Amino acid sequence: IFFAVPLLLAAIVFMQMFKQYRNIWMVILVLSLFGWTQIARITRGSVMSVKNEEFVTAAKATGASRWRILLSHIIPNSMAPIIVYATVALGSFVAEASLSFMGIGLPTTDVSWGADISQAKDNLRQAPMVLFYPAMALALTVLSFITMGDAVREALDPKAKK
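Here the sequence shown is numbered in our numbering, starting from 562 and rising by one per residue.
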């Protein structure tokens, strides 16, 4: 059911339904409630592929317990795709900016790049830099999360270590 509902659409519907509770905690709750499905799918796929590897079979043959196999072999070898997706997904969880841009995210009293971009779009011809700064900050934040995900993957991937 959660896979069938797009994250941004669910966030729009929930934020509109609960207008009186619009705050940072409601935004976090809504994004968490509908954003966990992709990371769960990637985690499951990664664990399923690692559990069929030869080193897991060898650990079973040596008599290692399930917990030891899980903690020593499966989790460390399945973390790279999960970490990469999680850091890239952080960039997409800047969906708060999208909600605030549309006027259904954080209240106008809270600071949000989406709200800043929304207010600046009306004065684009007179003061384009007012739009440029929050838009550039948002783009650099997303790019930073993607780059960080790449660097973390290279650092933690046991298959890449020599």
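Virtual Cβ for every residue (Gly too), placed ideally from N, Cα, C.
The structure presented is a predicted model; accordingly, all values stated were derived computationally and were not measured.
Enclosing alpha helix (DSSP H) for Lys621 [first to last residue]: Looking up residue 621 in the sequence shown gives position 60. Start and end: 615-622.
Where are the beta strand (DSSP E) runs, 3 residues long or more, that stay fully inside the segment 616-688, in chain order? none
Considering only their Cβ atoms, is the gap separating Ile665 from Gln581 smaller than 7 Å? Taking the first residue of the sequence shown as 1, we reach residue 581 at position 20. Taking the first residue of the sequence shown as 1, we reach residue 665 at position 104. No.
State buried or exposed for Pro637, treating a residue as buried only when at least 16 other CB atoms are found within 10 Å of its CB. Translated into the one-based positions of the sequence shown, residue 637 becomes position 76. So Pro637 counts as exposed.
Can you check whether the CB of Trp674 is closer than 7 Å to the CB of Leu701? As a first step, residue 701 must be located in the sequence shown, where it is residue number 140. As a first step, residue 674 must be located in the sequence shown, where it is residue number 113. No.
Could you tell me the distance, in whole angstroms, from the CA atom of Gln680 to the CA atom of Met697? As a working note, residue 680 is residue 119 in the sequence shown. As a working note, residue 697 is residue 136 in the sequence shown. C-alpha separation (whole angstroms): 15 Å.
In or out: Pro695 buried (at least 16 other Cβ within 10 Å) or exposed? Taking the first residue of the sequence shown as 1, we reach residue 695 at position 134. Flag for Pro695 reads buried.
Does the segment 590-597 come close enough to the segment 619-635 that 3 or more CB-CB pairs lie under 8 Å? no
Whole angstroms is fine: what's the gap from Asn684's alpha carbon to Ala565's? The residue labelled residue 684 in the question sits at position 123 within the sequence shown. The residue labelled residue 565 in the question sits at position 4 within the sequence shown. If I take the Cα positions, the gap works out to 38 Å.
Whole angstroms is fine: what's the gap from Ile678's alpha carbon to His634's? Position 117 of the sequence shown holds residue 678. Position 73 of the sequence shown holds residue 634. Cα to Cα, the separation comes out at about 46 Å.
Are there 16 or more other CB atoms within 10 angstroms of the CB of Phe706, so buried, or fewer, so exposed? Here residue 706 corresponds to residue number 145 of the sequence shown, with the count starting at 1. Classification of Phe706: buried, given that the 10 Å Cβ count is 16 or more.
Between Ala658, Val588, Ala647, Thr669, which lies nearest to Arg714 when the distance is taken from Cα to Cα? The residue given as residue 714 occupies position 153 in the sequence shown. Nearest C-alpha to Arg714: Ala647.
Please state the DSSP three-state secondary structure of Phe727. For residue 727 there is no data in the structure shown, the boundaries of the chain being 562 and 723.
Buried or exposed: Leu632, going by 16 or more other Cβ atoms within 10 Å of its Cβ? As a working note, residue 632 is residue 71 in the sequence shown. So Leu632 ends up on the exposed side.
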